[in-house]
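> Sequential numbering from 1 applies to the sequence shown in UniProt numbering.
Don't be surprised by glycine CBs; every beta carbon is placed ideally from N, CA and C.
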Amino acid sequence: MATEEHRSGCPINLSLEVIGDKWSLLVIRDMMFGNRRHYRELLTNSEERIASNILGDRLRKLLAAGLVTRTQDPHHKQRQLYSLTEPAIQLVPTLVHLGDWGRHHLPVSPELSIRAKVLSDGGPELWAAFMDELREQHLGMPRPPDIPSVWHHLEQAYQTELARNA
1 MATEEHRSGC
11 PINLSLEVIG
21 DKWSLLVIRD
31 MMFGNRRHYR
41 ELLTNSEERI
51 ASNILGDRLR
61 KLLAAGLVTR
71 TQDPHHKQRQ
81 LYSLTEPAIQ
91 LVPTLVHLGD
101 WGRHHLPVSP
111 ELSIRAKVLS
121 DGGPELWAAF
131 MDELREQHLG
141 MPRPPDIPSV
151 WHHLEQAYQT
161 ELARNA
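Now the structure itself:
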């Protein structure tokens, strides 16, 4: 059933209305996989070279959609800290599948596709562990201390791939 605000009530349409532009999932990706939580980090470390006005616009839209929150950084009073919300964290499987599709059908670079490969190979169990880690980082939900860090595993794979292709 269509409403005045949306083209239709289709869940795919509604999802695309929130995250279907060229940049929103890339901002979420950078927060998830790059641990970029400040505006400057998101701007200067973007592989796709996002423009400042576009980044600001997407962050506002992600805030309004409830996918990201913004608080004052407790370590630096002049900086804002962006955090993923639970709905954004639940996009991990979607991003894994999207990355997997890209690895199989597009000319990806090895260093930028290694995280997608590691997560895809790890399957739902690794995705769940990564989501728990994101919940700890972004939502403050503790997880058992003896569980290895998925983020560090992904970062190590990325650094290894960078060194291999240097």
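7 Å is my cut-off, CB to CB: does residue 109 come that close to chain D?
The displayed structure is made up of one protein chain only, and chain D is not part of it.
> Go ahead and label residue 30 buried or exposed: buried means 16 or more other beta carbons lie within 10 angstroms of its beta carbon, across all protein chains shown.
Buried: at least 16 other Cβ atoms inside 10 Å.
> Considering Cα atoms alone, identify which of 62, 83, 64 and 65 is closest to residue 72.
It is 83.
> What is the rounded straight-line gap between the Cα of residue 74 and the Cα of residue 81?
Roughly 8 Å between the two C-alpha positions.
> Which same chain residues end up closer than 8 Å to residue 6 when comparing Cβ atoms and leaving out the 5 residues on each side of it in sequence?
If we look at residue 6 and ignore the five residues flanking it on each side, its Cβ neighbours are 13, 14 and 17.
> Cβ atoms of residue 36 and residue 45: under 7 Å apart, would you say?
In contact: residue 45 and residue 36 (Cβ atoms closer than 7 Å).
> Is it true that the region 53-72 meets the region 120-134, where meeting means three or more beta-carbon pairs spaced less than 8 Å apart?
Counting Cβ pairs under 8 Å, fewer than three are found: no touch.
> Please report the distance separating the alpha-carbon of residue 162 from that of residue 113.
Using only the alpha carbons, I get a separation of about 11 Å.
> Could you check where the beta strand (DSSP E) with residue 109 kicks off and where it finishes?
No beta strand (DSSP E) contains residue 109, which DSSP labels as neither H nor E.
> Near residue 91, what residues of its chain come up, given a Cβ to Cβ distance below 7 Å and the 5 sequence neighbours on each side ignored?
Hits under 7 Å: 28.
> Check this for me: beta carbons of residue 101 and residue 54, under 7 Å apart or not?
In this structure, residue 54 does not lie closer than 7 Å to residue 101 by Cβ.
> Excluding sequence positions up to five away, which residues of its chain have a Cβ less than 7 Å from the Cβ of residue 129?
So the qualifying residues of the chain are 147 and 150.
> Can you tell me whether DSSP reads residue 91 as helix, strand or coil?
Residue 91: coil per DSSP, three-state reduction.
> Starting from residue 156, trace the alpha helix (DSSP H) in both directions and tell me its first and last residue.
Unbroken alpha helix (DSSP H) run through residue 156: 150-164.
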